[in-house]
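Student:
2 protein chains.
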Amino acid sequence: MELSERKKSILKAVVELYVALAEPVGSKAIAAALPQSVSSATIRNEMAELEEMGYLEKPHTSAGRIPSPKCYRIYVNELMEQHRLSQQETERMNRALQIRLQELDRMLTQAGQMVSRFMNYPVYALAAGKKEITVVRFDLLSVNETDFIAVVMTSDHRVKSQLLHGECPVDAAQLPVLAALLNKDFTGKTQEELSQQLMGMAAQLPGLLFMTVSQAVDYACGVLEDACRRMVYTTGANRILDLPEYQDVGKANQLLRFLSEESTALPAPEDNDPVQILIGPENVEQALQDSSVVVASYDIGGDMRGLIGVVGPTRMDYAAVEARLSYFAAGLSRMFDQGKLPKHEEDVKE
Amino acid sequence: MELSERKKSILKAVVELYVALAEPVGSKAIAAALPQSVSSATIRNEMAELEEMGYLEKPHTSAGRIPSPKCYRIYVNELMEQHRLSQQETERMNRALQIRLQELDRMLTQAGQMVSRFMNYPVYALAAGKKEITVVRFDLLSVNETDFIAVVMTSDHRVKSQLLHGECPVDAAQLPVLAALLNKDFTGKTQEELSQQLMGMAAQLPGLLFMTVSQAVDYACGVLEDACRRMVYTTGANRILDLPEYQDVGKANQLLRFLSEESTALPAPEDNDPVQILIGPENVEQALQDSSVVVASYDIGGDMRGLIGVVGPTRMDYAAVEARLSYFAAGLSRMFDQGKLPKHEEDVKE
DNA sequence: ATTTAGCACTCAGAAAGCAGGAGTGCTAAA
DNA sequence: TTTAGCACTCCTGCTTTCTGAGTGCTAAAT
């Protein structure tokens, strides 16, 4: 059944007043807020019906109404107006986007920090790729008789390196040979495949050389491992402590725990919507049932895209958050497009 | 004026009872806890004096006493007994210490996470060097006509690398030459010196080459910059929400903010005590006035040492925390000693 | 058939009052 | 110097009352 125009504008008013004041809103307040002039009694009748229909809720008998998740949903789908970013805001954001393109990991944390600063909500950022990450290139650099540097470039264009203390002396002249070997037999492999390959190699190589190869491959495994694991960066989690809905330490604790410990379970948009909004119980995760998530994706280049999400109470200024987040995502896309991450041969092939 | 034996044992009892129960402790409870059998009335007299002297405080007239910071101080200095780690504990810790030596940054966060898990308090970890960090080595690796990898090794043995998209074509053959140039003129320099040096170079090099050099040096600057800045890793901050002293959201918020935003201001031990304890107002930082910090240092190798600190309420089980932290620090020292970070030539010289 | 005014009703939250109890400080006896 | 005894304090938890915002219903007005 379709909602009357008036019902809709009442819902809209309820959401907007509740978002602004964080208190149940009563019939009088709505009457004042509506463009049409109607009496509070009329509003009361309408609200009784809307409650019946599941759009509004009462914390207790003699309080005003608060929007239900269903109400928020219809609000974001139909009712909410395009939030207009103020000149100030866009300028601030543009300034924030003037950062130098850095290593992807740092990039993500930085993006998160920026957004969190603008939103006053916790933010998470991650990069998602379509394919499994592999090593695409090895380099070994000699430091001295016993130490060398392993440089590993992964399929998502990250380059990681570390100083390794050889368990046996390493000949500087040998290193290029070993690197060539690594590049030949250990590239394009997932973590498990790497370990296997290494096992198979054990017999074919002189012990000393094998030690070194093994160290390098071990390192590469480590890199791949936390390329998968530590992909999510959360920032500004404690901002929720400023919000009235998390004044209860128990609730705050629950959400904070989730954000810091299980952040990998944070939602990623399924379809290719630029921005997706998940309201309260629409979240699968138990810990997010009372919270909402707004998540946007942007182009990173390569076969990757970046995800950046804002977590807040269901009472969230969806219009504003969505507007800001899209703006940011668009900005990031542009940034990555300019300082383009180079295509690796392998990507170009397909 | 010296405290009588009995006064001391009363203080000890007050601290230990208060630490255990988080409630003001009364004369009767103390009488029961003391080895000597004395009446609660005697205790009351003694406590009145101790309060006079500033060791004890009363939240209000008819409540028990709680220890003042001064009391905690004398407790850690003289009264507290060596906490004996249980077999279980040491085993768990040993198991935790079986981690593979990785990049220093990751190492620190890992150490922090481990300790925090054992302590149930927030933990911060950082590495402090005596000298300013400089770049000790550059490498440039060719990827394709336009891209190359910059590898930078710093004086604290970190190796960082990134894929750079050349603003102009880069000739693979040229790269070693440029790297040699970088190693000659840009090593052993602080961030500011790097920038200066680069300015001076602008005129002397063909434009195209200069672009590339400039990109590499820029990257090195970035590395040095956040080698200084992002040196502190905090973990488990929200554990404080489980403690009764931070049930007040305001207090919790203040401390959490401090931990996440100004963690660089966290205390580092001045002298070379293995473990240092800072109690409440002994902390310089405003935000730590009601909290205590136990911080230990351990040897990382090179000219660096690692710092690891536990933050908690003044009502903290100092004996246990100190014991665990020392054990951990010792373990970390040993680890770093085995998988020794190699000395760099420069360090060896002096 | 809506809309509106009016009014009794409900209920959370603040303020006030009350009893219980833990703990103190003091005094006087041991 | 220690201890028992006792009056006193004042926090805590409890019930009580009060107030006000907001509702739902009814009956009149449009």
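Just so you know, the protein sequences line up as chains A and B, in that order.
Quick note: to get the numbering used here, add 848 to the position in the first sequence (first position is 1).
Quick note: to get the numbering used here, add 848 to the position in the second sequence (first position is 1).
Here a beta-carbon is modelled for each residue, glycine too, at the ideal position from N, C-alpha and C.
Here the structure is a predicted model, which means the values were calculated and not measured.
1. What residues from chain A crowd round B/Ser1009, counting only those whose CB sits closer than 8 Å?
2. Where does B/Val1007 sit, in a helix, a strand or coil, going by DSSP?
3. Among A/Gln930, A/Val1071, A/Tyr903 and A/Arg921, which has the Cα closest to the Cα of A/Ile914?
4. Under 8 Å between the Cβ atoms of A/Ala1116 and A/Arg1006?
5. Considering just the uninterrupted stretch of the alpha helix (DSSP H) at B/Phe966, what are its terminal residues?
6. So what's B/Thr1083 in DSSP terms, helix, strand or just coil?
7. Just checking, does the stretch 917-929 of chain A make contact with the stretch 858-875 of chain A on the three C-beta pairs under 8 Å criterion?
8. Taking all protein chains shown into account, decide if B/Cys1016 is buried (16 or more other Cβ within 10 angstroms of its Cβ) or exposed.
9. What are the residues in the stretch 948-966 of chain B lying within 8 Å of chain A by C-beta distance?
10. Does the stretch 1149-1166 of chain B touch the stretch 1079-1098 of chain B, meaning 3 or more C-beta pairs lie closer than 8 Å?
11. If you measure from the beta carbon of A/Arg1105 to each beta carbon in chain B, is any gap under 8 Å?
12. Quick one: does B/Leu989 have its CB under 8 Å from some CB of chain A?
13. Which parts of the stretch 879-939 of chain A are runs of the alpha helix (DSSP H), unbroken and 4 residues or longer, counting only runs that do not cross its ends?
14. Given this structure, state the Cα-to-Cα distance separating A/Arg943 from A/Met962, to the nearest angstrom.
15. To the nearest angstrom, how far is the alpha carbon of B/Gln958 from that of A/Gln946?
16. Using a Cβ cut-off of 8 Å, pull out every chain B residue sitting near A/Gly1070, in sequence order please.
17. Indicate whether at least one CB of chain B lies closer than 8 Å to the CB of A/Asn1086.
18. Taking the continuous beta strand (DSSP E) assigned at A/Pro1161, which residues delimit it?
19. Would you mind telling me which residues of chain A sit closer than 8 Å to B/Leu1089, beta carbon to beta carbon, in chain order?
20. 8 Å is my cut-off, CB to CB: does A/Ser875 come that close to chain B?
21. Within the 8 Å Cβ cut-off, does B/Ser1108 reach chain A?
22. Per DSSP, A/Phe986 is paired with what?
23. Is the beta carbon of A/Pro970 less than 8 Å from the beta carbon of A/Leu1107?
24. Would you say the beta carbon of B/Phe1184 is closer than 7 Å to some non-hydrogen atom of the ligand PLP?
25. On the DSSP bridge list, what partners appear for B/Ala973?
26. Distance check for A/Ile922 and A/Ala881, CA to CA, integer angstroms please.
27. Can you tell me the Cα-Cα spacing of B/Val1000 and A/Ile981, whole angstroms?
28. Below 8 Å between beta carbons: does that hold for B/Phe996 and B/Phe1034?
29. Assuming B/Met901 contacts B/Ala975 under a Cβ cut-off of 8 Å, what Cβ separation, rounded to an integer in Å, is found between them?
30. By how many angstroms is the C-alpha of A/Thr1060 removed from the C-alpha of A/Gln1010?
31. In whole angstroms, give me the CA-to-CA distance for A/Lys856 and A/Ser887.
32. If we ignore side chains and look at the alpha-carbon of each, how far apart do B/Ser1140 and B/Asn1131 end up?
33. Flag this pair as yes or no: are the beta carbons of B/Ala1050 and B/Leu988 separated by less than 8 Å?
34. Which of the three DSSP states is assigned to A/Gly1098 in this structure?
35. Taking A/Leu1030 as part of the alpha helix (DSSP H), name the residues at either end of that continuous run.
36. For B/Val867, which residues from the same chain have a beta carbon less than 6 Å from its beta carbon, with the 5 sequence-adjacent residues on both sides left out?
Tutor: Reading off the structure:
1. As a first step, residue 1009 of chain B must be located in the second sequence, where it is residue number 161. Under the 8 Å cutoff, chain A gives Val999, Val1007, Lys1008 and Ser1009.
2. Residue numbering aside, residue 1007 of chain B sits at position 159 when the second sequence is read from its first letter. Of the three classes helix, strand and coil, the one that applies to B/Val1007 here is strand, per DSSP.
3. Counted from its first residue, the first sequence places residue 914 of chain A at position 66. Considering only A/Gln930, A/Val1071, A/Tyr903 and A/Arg921, the residue with the shortest C-alpha distance to A/Ile914 is A/Tyr903.
4. Position 268 of the first sequence, counted from the start, is the residue given in the question as residue 1116 of chain A. Position 158 of the first sequence, counted from the start, is the residue given in the question as residue 1006 of chain A. Annotated as distal: A/Ala1116 and A/Arg1006, with beta-carbon spacing of 8 Å or more.
5. For the purposes of this step, residue 966 of chain B is identified with residue 118 of the second sequence, where counting begins at 1. Element bounds for B/Phe966: Leu952 to Met967.
6. For the purposes of this step, residue 1083 of chain B is identified with residue 235 of the second sequence, where counting begins at 1. Strand.
7. These segments touch.
8. For the purposes of this step, residue 1016 of chain B is identified with residue 168 of the second sequence, where counting begins at 1. Taking every protein chain shown into account, the CB of B/Cys1016 has fewer than 16 other CB atoms within 10 angstroms, so this residue is exposed.
9. Those would be Arg948, Gln950, Glu951 and Arg954, in chain order.
10. The stretch 1079-1098 of chain B vs the stretch 1149-1166 of chain B: in contact.
11. The residue labelled residue 1105 of chain A in the question sits at position 257 within the first sequence. For A/Arg1105, the answer is yes, since a Cβ of chain B falls inside 8 Å of its Cβ.
12. The count along the second sequence starts at 1 and reaches residue 989 of chain B at position 141. Output row for B/Leu989: interface = yes.
13. Runs found: 888-900 and 917-922.
14. On the first sequence, residue 943 of chain A is found 95 positions in, with the first residue counted as 1. On the first sequence, residue 962 of chain A is found 114 positions in, with the first residue counted as 1. Spanning the two alpha carbons is a distance of roughly 10 Å.
15. Stepping through the second sequence from its first residue, residue 958 of chain B is reached at position 110. Stepping through the first sequence from its first residue, residue 946 of chain A is reached at position 98. Rounded to whole angstroms, B/Gln958 to A/Gln946 spans 32 Å at the Cα level.
16. Position 222 of the first sequence, counted from the start, is the residue given in the question as residue 1070 of chain A. Those within 8 Å of A/Gly1070 in chain B are Arg948 and Gln950.
17. To locate residue 1086 of chain A, count along the first sequence from 1; it is residue 238. By the rule that beta-carbons nearer than 8 Å mark a contact, A/Asn1086 touches chain B.
18. Your numbering for residue 1161 of chain A matches position 313 in the first sequence. Taken as a continuous stretch (DSSP letters only), the beta strand (DSSP E) holding A/Pro1161 covers Met1152 to Pro1161.
19. Within the second sequence, residue 1089 of chain B is the residue found at index 241, counting from 1. Simply Val1097, Ala1100, Asn1101 and Leu1104.
20. The residue given as residue 875 of chain A occupies position 27 in the first sequence. At least 8 Å separates the CB of A/Ser875 from every CB of chain B.
21. Start at 1 with the first residue of the second sequence, and residue 1108 of chain B comes out as number 260. Closer than 8 Å: yes.
22. In the first sequence, the residue the question calls residue 986 of chain A occupies position 138. Under DSSP, A/Phe986 shares a beta bridge with A/Val1000.
23. What you label residue 970 of chain A is simply residue 122 of the first sequence in a count that begins at 1. What you label residue 1107 of chain A is simply residue 259 of the first sequence in a count that begins at 1. Using a Cβ distance threshold of 8 Å, A/Pro970 and A/Leu1107 count as a contacting pair.
24. Ligands are entirely absent from the displayed structure, and the ligand PLP is therefore not among its contents.
25. Numbered from 1 along the second sequence, position 125 holds the residue referred to as residue 973 of chain B. DSSP, once it has assigned bridges, lists B/Tyr1081 and B/Ile1156 as partnering B/Ala973.
26. Taking the first residue of the first sequence as 1, we reach residue 881 of chain A at position 33. Taking the first residue of the first sequence as 1, we reach residue 922 of chain A at position 74. The alpha-carbon of A/Ala881 is positioned some 19 Å away from that of A/Ile922.
27. Indexing the second sequence from 1 puts residue 1000 of chain B at position 152. Indexing the first sequence from 1 puts residue 981 of chain A at position 133. Looking at the two C-alpha atoms, the distance is approximately 24 Å.
28. In the second sequence, counting from the first residue as 1, residue 996 of chain B sits at position 148. In the second sequence, counting from the first residue as 1, residue 1034 of chain B sits at position 186. In this structure, B/Phe1034 does not lie closer than 8 Å to B/Phe996 by Cβ.
29. The residue you call residue 901 of chain B lines up with position 53 of the second sequence. The residue you call residue 975 of chain B lines up with position 127 of the second sequence. Not quite, the Cβ-Cβ distance comes to about 42 Å (not below 8 Å), so this is no contact.
30. Here residue 1010 of chain A corresponds to residue number 162 of the first sequence, with the count starting at 1. Here residue 1060 of chain A corresponds to residue number 212 of the first sequence, with the count starting at 1. Roughly 14 Å between the two C-alpha positions.
31. For the purposes of this step, residue 856 of chain A is taken as residue 8 along the first sequence, with counting starting at 1. For the purposes of this step, residue 887 of chain A is taken as residue 39 along the first sequence, with counting starting at 1. In this structure, the alpha-carbon of A/Lys856 lies about 16 Å from that of A/Ser887.
32. As a position in the second sequence, residue 1140 of chain B is number 292, starting the count at 1. As a position in the second sequence, residue 1131 of chain B is number 283, starting the count at 1. Approximately 8 Å between the Cα atoms of the pair.
33. Position 202 of the second sequence holds residue 1050 of chain B. Position 140 of the second sequence holds residue 988 of chain B. With a cutoff of 8 Å on beta-carbon distance, B/Ala1050 and B/Leu988 are scored as not near each other.
34. Within the first sequence, numbered from 1, the residue matching residue 1098 of chain A stands at position 250. It is helical.
35. The sequence position of residue 1030 of chain A within the first sequence is 182, counting from 1. Its alpha helix (DSSP H) spans residues Gln1022 to Asp1033.
36. Counting from one through the second sequence, the residue named residue 867 of chain B turns up at place 19. Within its own chain, the residues whose Cβ lies closer than 6 Å to the Cβ of B/Val867, once the five positions on either side in sequence are excluded, are Arg1163 and Asp1165, listed in chain order.
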